[in-house]
Amino acid sequence: MSTFNEDDTVLVDPPAPPPADVVLHVHRLRKKYGAAEVVRSLSFDIRRGECFGLLGPNGAGKTTTLRCCLGLIDPDGGKIEMVGQPVPKAAREARIRVGVVPQMDNLDPDFTVRENLLIYGTYFGLPRGVVEKRIPKLLDFAGLGNKRNAGIRTLSGGMKRRLTLARALINDPELLILDEPTTGLDPQARHLIWDGLRQLLAQGKTILLTTHFMDEAERLATRLAVIDHGMLIATGAPRALLKQHVEAEVVEVFGDEVRTWADVHGRKLAQRVEVAGETAFCYAADPQPLLNDLATRAGVRYLHRPANLEDLFIKLTGRELRD
Amino acid sequence: METETKNRVKAATTKIWAPPTLSARFVPVWRRNLLVWRKLAIASILGNIADPLLYMLALGYGIGALVGEVGGMSYVAFIGTGMVCQSAMFTASFEGMYSAFSRMHMQRTWEGIINAPVSLDDVMLAEWLWTGTKAVMSTTAILLVIMLLGYGHTWLALWILPLGFLVGLTFGGAGLVMNALAPNYDFFTYFFTLVLTPMLLFSGVYFPVEQMPAWLASIAAFLPLKHAIDIARPLMLSRIPENILLHVAVLVFYAAVAYYFALALTRRRLLK
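Here's what the structure looks like:
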């Protein structure tokens with residue numbers, strides 16, 4: 008654990024101020040709960056116009072990091088600058104120009120769809136006229152134009168998420184923070200949310216996204232950071248990270264005899280083999296010899312696919328279950 | 182290392198118990214509650230005043246026929262004035278507990294609000310003032326009924342409205358303390374059994390406190406509702422209450438302490 012002590016040298020080595028196009032600057036962020044270090048010297052920068060994915064297993068420190076950035080909790084160390092404002096000192100000023108989509112829906116069930124946007128706008132101190140002018144566009148964006156007077160309880164899960172996203176845009180934010188925005192949604196609803204986010208990126212918005220869905224990160228993130236146990240373990244563009252950490256192709260082999268097969272043959276034919284339960288994950292730059300071998304074995308089922316972020320994630324954070 | 186941890190714990194504790202930060206950002210949050218209330222106004226007012234009104238009529242005329250005048254006023258007016266204070270107490274307590282718990286815990290409304298440039302301190306201030314506002318609403322309704330029945334036709338009686346606000350802040354603040362500690366709705370039963378019921382029975386709502394044995398009456402002197410009633414009854418008779426500053430000071434003291442604890446405990450609950 009001695010590596011974390013280097014944080015204490017911050018005073019003799021003051022960090023350079025972030026460049027002008029950095030929308031969120033996090034430097035050596037630390038947060039402890041009692042004896043547990045939830046965030047340990049985490050640093051990253053988000054530049055204007057990019058979609059930055061913060062990935063990590065449950066309990067990796069994603070939500071704590073977001074709460075620190077929003078100034079809802081005070082970090083135990085490090086520096087945060089969001090939309091040019093120091094946090095937590097000027098957290099309020101920063102939040103004026105940030106939109107948040109929380110992990111769990113907290114739309115106001117006592118109001119209609121339209122009223123939810125209107126009331127939320129007042130929390131930003133926006134004049135009613137300005138908010139009212141923005142609402143039709145936002146409802147269109149959320150695909151809720153014909154639901155403007157509907158009660159929240161009548162909306163589907165996907166509609167609620169879209170409205171929450173629209174609500175986060177009511178102040179025309181510079182930075183949009185989404186905490187696991189599609190958890191619990193069906194595929195159709197997820198695709199709609201992704202479409203919306205891509206539109207926002209095309210308009211030049213900056214997005215910070217936490218997720219543990221790798222397909223979501225792969226689709227949206229221009230750059231990502233994998234964190235675990237509160238530490239950054241890899242950062243970069245998705246493709247570059249894959250190239251750097253994972254072999255190009257994967258063959259998943261299934262069956263009860265798979266462990267024996269992997270030990271006798273698999274490990275010779277692939278660069279890396281991981282056995283989990285009754286599946287052997289074989290990673291290889293060139294899977295042809297492996298596939299040839301498998302073709303000779305009757306009754307063996309396998310799946311051949313390109314490596315994806317999930318492989319990267321598992322490689323970096325391990326296979327054990329997180330609760 | 183150990184001292185470092187201690188210092189950190191100390192810093193976090195100081196923050197939780199820091200004095201309230203005040204800003205005008207609380208206004209939209211208070212207004213939000215008002216807008217929701219407006220949708221259900223009639224049901225809400227009826228709910229708040231039905232009980233005290235029934236008590237006032239049944240006991241006022243029923244027992245009133247037996248006892249005649251109490252404390253220089255008809256028993257209906259006597260109990261009616263008690264009911265005004267009682268309803269301010271119950272309305273605000275209810276708002277600070279059940280309604281606030283819905284907004285904080287069940288609907289996560291506060292969580293949504295503090296992601297906007299509104300702080301938890303603003304939310305708490307708004308909720309606290311809202312409990313007082315609700316208390317004024319039920320105070321107004323019951324006072325109106327009393328006046329329609331022919332009592333309290335004096336300008337001084339209108340001072341009962343700001344009194345209702347103060348009573349609301351006292352018990353609304355206490356309700357918000359309970360809210361900050363509550364694991365679920367059932368928890369609030371303790372407050373009814375241990376605080377509100379004794380308050381109702383020993384503060385002189387139904388009979389003058391002086392009727393009780395001296396030791397019980399001296400305990401009653403610590404109950405905020407008793408001080409509210411000591412202000413309200415003379416006002417109904419168009420008299421300026423004796424020791425009014427003392428009574429107001431007691432209510433302000435309870436209200437301020439309750440609010441401070443509610444704020445600190447809510448910070449501890451949500452800002453972690």
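If you read the sequences in order, they're chains A and B. Per the numbering used here, the very first residue in the first sequence carries number 8; after that it's consecutive. Per the numbering used here, the very first residue in the second sequence carries number 182; after that it's consecutive. Ideal Cβ positions, reconstructed from N, Cα and C, are used throughout, including at glycine.
| query | To which residues of the same chain is residue 180 (chain A) closer than 7 Å at the C-beta, ignoring the five residues directly before and after it? | reply | Position 173 of the first sequence, counted from the start, is the residue given in the question as residue 180 (chain A). Answer for residue 180 (chain A): 104, 105, 106, listed in chain order.
| message | Residues of the region 30 to 60 of chain A in Cβ contact with chain B at a cutoff of 8 Å, in chain order, please. | response | 39, 40, 42
| request: Would you grab the beta carbon distance between residue 291 (chain A) and residue 317 (chain A) for me? Rounded to a whole angstrom, and I think it's under 8 Å. | output: As a working mapping, residue 291 (chain A) is identified with position 284 in the first sequence. As a working mapping, residue 317 (chain A) is identified with position 310 in the first sequence. Their Cβ separation, rounded to whole angstroms, is 17 Å, which puts residue 291 (chain A) and residue 317 (chain A) out of contact at 8 Å.
| How about residue 175 (chain A) and residue 108 (chain A): do their beta carbons lie closer than 7 Å? | Within the first sequence, residue 175 (chain A) is the residue found at index 168, counting from 1. Within the first sequence, residue 108 (chain A) is the residue found at index 101, counting from 1. Their beta carbons are under 7 Å apart, which means residue 175 (chain A) touches residue 108 (chain A) by this criterion.
| message | In this structure, how does DSSP classify residue 225 (chain B) when only helix, strand and coil are distinguished? | response | Translated into the one-based positions of the second sequence, residue 225 (chain B) becomes position 44. Residue state, collapsed to three classes: helix.
| task | With distances taken Cα to Cα, identify the nearest neighbour of residue 447 (chain B) among B:298, B:339, B:281, B:433. | result | The sequence position of residue 447 (chain B) within the second sequence is 266, counting from 1. Among B:298, B:339, B:281, B:433, the Cα nearest to that of residue 447 (chain B) belongs to B:281.
| field | Nonlocal neighbours in the same chain, by C-beta distance under 6 Å from residue 238 (chain A), ignoring five residues either side | value | Counting from one through the first sequence, the residue named residue 238 (chain A) turns up at place 231. Same-chain partners within the cutoff: 47.
| field | Range of the contiguous beta strand (DSSP E) that encloses residue 182 (chain A) | value | For the purposes of this step, residue 182 (chain A) is taken as the residue at position 175 of the first sequence. Looking at the DSSP string, the run of the beta strand (DSSP E) that includes residue 182 (chain A) is 182 to 186.
| query | In whole angstroms, what is the alpha-carbon distance linking residue 435 (chain B) and residue 236 (chain A)? | reply | Taking the first residue of the second sequence as 1, we reach residue 435 (chain B) at position 254. Taking the first residue of the first sequence as 1, we reach residue 236 (chain A) at position 229. Rounded to whole angstroms, residue 435 (chain B) to residue 236 (chain A) spans 45 Å at the Cα level.
| said: Just to confirm my understanding: we take residue 126 (chain A), look at its own chain, exclude 5 residues before and 5 after, and list those with CB closer than 7 Å. What are they? | reply: Along the first sequence, one-based indexing puts residue 126 (chain A) at 119. Counting only Cβ-Cβ distances below 7 Å, and skipping sequence neighbours, we find 115, 118.
| When the distance is taken between beta carbons, is residue 252 (chain B) closer than 7 Å to residue 389 (chain B)? | For the purposes of this step, residue 389 (chain B) is taken as residue 208 along the second sequence, with counting starting at 1. For the purposes of this step, residue 252 (chain B) is taken as residue 71 along the second sequence, with counting starting at 1. In contact: residue 389 (chain B) and residue 252 (chain B) (Cβ atoms closer than 7 Å).
| request: Could you name the residues of the region 100 to 116 of chain A whose beta carbon sits closer than 7 Å to any beta carbon of chain B, in the order they occur along the chain? | output: 102, 103, 107, 109, 111, 113, 115, 116
| Can you pull the DSSP bridge partners for residue 208 (chain B)? | Stepping through the second sequence from its first residue, residue 208 (chain B) is reached at position 27. Partner(s): none; residue 208 (chain B) has no beta bridge.
| request: Check residue 88 (chain A) in the structure and name its three-state DSSP category. | output: Taking the first sequence and counting its residues from 1, one reaches residue 88 (chain A) at position 81. Residue 88 (chain A) falls in the strand class under three-state DSSP.
| query | So which of B:393, B:391, B:405, B:357 has the shortest CA-CA distance to residue 380 (chain B)? | reply | In the second sequence, counting from the first residue as 1, residue 380 (chain B) sits at position 199. Closest option to residue 380 (chain B), Cα to Cα, is B:405.
| field | Own chain partners of residue 19 (chain A) with C-beta closer than 8 Å, once the 5 adjacent residues on each side are dropped | value | Counting from 1 along the first sequence, the entry for residue 19 (chain A) is found at position 12. Confidence at residue 19 (chain A) is low in this model, with a pLDDT of 47, below 50, so its placement is unreliable and no value can be given for it.
| Does the beta carbon of residue 297 (chain B) come closer than 7 Å to any beta carbon on chain A? | Position 116 of the second sequence holds residue 297 (chain B). With 7 Å as the cut-off, residue 297 (chain B) counts as an interface residue toward chain A.
| Does residue 309 (chain A) come within less than 7 Å of chain B when only Cβ atoms are used? | By 1-based counting over the first sequence, the position of residue 309 (chain A) is 302. So no, residue 309 (chain A) is outside the interface.
| said: Going residue by residue through the region 274 to 334 of chain B, where are the continuous alpha helix (DSSP H) segments of at least 4 residues, counting only ones entirely within it? | reply: 290 to 296, 301 to 329
| By how many angstroms is the C-alpha of residue 113 (chain A) removed from the C-alpha of residue 293 (chain B)? | Residue mapping note: residue 293 (chain B) aligns to position 112 of the second sequence, counting from 1. Residue mapping note: residue 113 (chain A) aligns to position 106 of the first sequence, counting from 1. Looking at the two C-alpha atoms, the distance is approximately 6 Å.
| said: Using CA atoms only, rank isn't needed, just tell me which of B:263, B:334, B:297, B:207 is closest to residue 418 (chain B). | reply: Counting from one through the second sequence, the residue named residue 418 (chain B) turns up at place 237. Here the closest residue by C-alpha is B:334.
| Positions along the region 69 to 89 of chain A whose CB lies within less than 8 Å of some CB in chain B | 77, 79, 80, 81, 83
| task | Could you name the residues of the same chain whose beta carbon sits closer than 8 Å to that of residue 428 (chain B), not counting the 5 residues immediately before and after it, in chain order? | result | Against the second sequence, residue 428 (chain B) aligns to sequence position 247. Cβ neighbours of residue 428 (chain B) beyond the five flanking positions: 408, 409, 411, 412, 422.
| request: Return the Cβ separation of residue 60 (chain A) and residue 224 (chain A) in integer angstroms, given the expectation that the two are a contact with Cβ distance under 8 Å. | output: Position 53 of the first sequence, counted from the start, is the residue given in the question as residue 60 (chain A). Position 217 of the first sequence, counted from the start, is the residue given in the question as residue 224 (chain A). Between residue 224 (chain A) and residue 60 (chain A) the Cβ distance is about 4 Å, and since that is below 8 Å, they are a contact.
| said: Let's test the definition: count the other Cβ atoms within 10 Å of the Cβ of residue 245 (chain A) and tell me whether it reaches 16, buried, or not, exposed. | reply: As a position in the first sequence, residue 245 (chain A) is number 238, starting the count at 1. Flag for residue 245 (chain A) reads buried.
| query | Using a Cβ-Cβ distance under 7 Å, would residue 130 (chain A) count as near chain B? | reply | Working through the first sequence from its first residue, we reach residue 130 (chain A) at position 123. Yes - at least one Cβ of chain B is within 7 Å of the one on residue 130 (chain A).
| Does the beta carbon of residue 126 (chain A) come closer than 7 Å to any beta carbon on chain B? | Taking the first residue of the first sequence as 1, we reach residue 126 (chain A) at position 119. Interface residue, yes.
| task | Report yes or no: is there a C-beta of chain A within less than 7 Å of the C-beta of residue 389 (chain B)? | result | Stepping through the second sequence from its first residue, residue 389 (chain B) is reached at position 208. Residue 389 (chain B) does not count as touching chain A.
| Given that residue 292 (chain B) touches chain C, what residues does it touch there, using C-beta distances under 7 Å? | Of the chains in the structure shown, none is chain C; the protein chains are A and B.
| said: Under 7 Å, CB to CB, which of the residues in the region 297 to 314 of chain B have a partner in chain A? | reply: 297, 298, 299, 300
| task | Just mark residue 168 (chain B) as buried or exposed, buried being the case when its beta carbon has 16 or more other beta carbons within 10 Å. | result | With chain B represented from 182 up to 453, any question about residue 168 (chain B) goes unanswered, as that position is not in the structure.
| field | Any C-beta of chain A under 7 Å from that of residue 392 (chain B) | value | Within the second sequence, numbered from 1, the residue matching residue 392 (chain B) stands at position 211. No, because no Cβ of chain A sits closer than 7 Å to the Cβ of residue 392 (chain B).
| Given residue 13 (chain A), which residues of its chain have a CB within under 6 Å of its CB, disregarding the five upstream and five downstream residues? | Counting from one through the first sequence, the residue named residue 13 (chain A) turns up at place 6. Unreliable placement is indicated for residue 13 (chain A), whose pLDDT of 43 sits below 50; the coordinate value is still reported in the next sentence. Result list for residue 13 (chain A): empty, nothing under 6 Å.
| query | Between residue 327 (chain A) and residue 286 (chain A), is the Cβ-Cβ spacing less than 7 Å? | reply | As a first step, residue 327 (chain A) is located in the first sequence; it is residue number 320 there, counting from the start. As a first step, residue 286 (chain A) is located in the first sequence; it is residue number 279 there, counting from the start. Taking 7 Å as the Cβ cut-off, residue 327 (chain A) and residue 286 (chain A) do not qualify as a contacting pair.
| query | What's the gap between the Cα of residue 297 (chain B) and the Cα of residue 185 (chain A)? | reply | The residue labelled residue 297 (chain B) in the question sits at position 116 within the second sequence. The residue labelled residue 185 (chain A) in the question sits at position 178 within the first sequence. Approximately 14 Å between the Cα atoms of the pair.
| With 7 Å set as the bound, which would you pick, yes or no: does the beta-carbon of residue 201 (chain B) sit closer than that to a beta-carbon of chain A? | Translated into the one-based positions of the second sequence, residue 201 (chain B) becomes position 20. Chain A, which has no Cβ nearer than 7 Å to the Cβ of residue 201 (chain B), makes this no.
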